[in-house]
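Structure record follows, encoded as structure tokens.
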Amino acid sequence: MAASAPPAYHDVVSPGEASSFRSSVPATQVELHVSCRNLADMDVFSKSDPMVVMYTQGMGSKEWREFGRTEHIMNTLNPDFVKTFVIHYFFEEMQKLRFEVYDIDKNSAKLSDHDFLGATECTLGSIVGEFGGRLQKQLMCWGNNVSTVLRQSSTTATYSPSNSIAAEIAAKIEFSYDN
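Heads up, the sequence shown is in full-length UniProt numbering, so the first residue is 1 and it goes up one at a time.
Now the structure itself:
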């Protein structure tokens with residue numbers, strides 16, 4: 001698998017956050033594999049060209065920082081991404097992750113130039129701790145005409161924004177890891 005090297009410790013933990021990690025040592029690295037199923041088809045003459053962006057949230061911070069991006073795969077609603085995310089896993093810390101899925105329509109690094117398909121949040125520990133190291137979550141979309149569903153394991157919570165249509169939003173994103 002094509003895996004990028006994990007960012008240096010100081011790139012994952014900002015100087016302001018370093019004090020909360022002083023007693024923590026990266027216990028292990030995990031490699032996250034991402035796939036999606038039943039994505040929305042945003043293109044008229046072909047299928048969507050999806051890409052996933054992963055963000056991390058620093059300890060005690062509400063700010064999300066981009067960690068990395070997968071490749072974009074042409075004309076598929078069920079991508080299995082080759083590009084993986086290698087990240088340090090701190091056993092004692094809650095490491096929040098956010099995954100956003102976009103339909104890439106032009107050669108641009110700006111995410112605002114692409115169609116947003118949905119997002120989900122979880123912790124790295126929830127992926128590692130899931131049976132078989134595989135976590136499957138529903139994508140959430142914060143827009144009009146979309147029903148928002150969050151699902152993890154057998155616990156289901158459904159949120160329906162006002163004026164929403166329970167449309168086809170059965171898209172799922174799956175994570176697995178190797179250590």
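Idealized CB from N, CA, C, for every residue including glycine.
Would you call the region 87-106 and the region 33-42 touching, i.e. three or more CB-CB distances under 8 Å?
A contact between stretches requires three or more CB pairs, one per stretch, nearer than 8 Å, and the region 87-106 meets this requirement with the region 33-42.
DSSP three-state label for F91, please.
coil
On the DSSP letters alone, give me the boundaries of the beta strand (DSSP E) that S35 sits inside.
28-37
Between the CA atoms of V34 and E71 - distance to the nearest angstrom
11 Å
Run through the DSSP bridge pairs and tell me what M140 is partnered with.
A119
With DSSP as the reference, identify every bridge partner of F85, one or two as the case may be.
L32
Can F85 and G68 be called in contact, C-beta distance under 8 Å?
Using a Cβ distance threshold of 8 Å, F85 and G68 count as a contacting pair.
Residue 202 bridges to which residues according to DSSP?
What is shown of the chain runs 1 to 179, which leaves residue 202 out entirely.
Suppose contacts are defined by Cβ-Cβ distances below 8 Å. Is K137 in contact with T120 by that definition?
yes
Just reading off the beta strand (DSSP E) that G68 is part of, what are its end residues?
64-69
Tell me whether M74 is buried or exposed, calling it buried when 16 or more other Cβ atoms sit within 10 Å of its Cβ.
exposed
In chain order, what residues of the same chain have a beta carbon less than 8 Å from the beta carbon of E63, not counting five sequence neighbours either side?
Q57
Under three-state DSSP, which class holds L77?
In the three-state reduction of the DSSP assignment, L77 falls in the coil class.
Give a yes or no on whether the C-beta atoms belonging to T123 and L97 are separated by under 8 Å.
yes
Is it right to say S48 is buried, meaning 16 or more other beta carbons lie within 10 angstroms of its own, or is it exposed?
Counting Cβ neighbours within 10 Å, S48 comes out buried, since at least 16 surround it.
Give me whichever residues DSSP pairs with M51 in a beta bridge.
M51 is bridged by DSSP to Y102.
If we ignore side chains and look at the alpha-carbon of each, how far apart do Y55 and D43 end up?
26 Å
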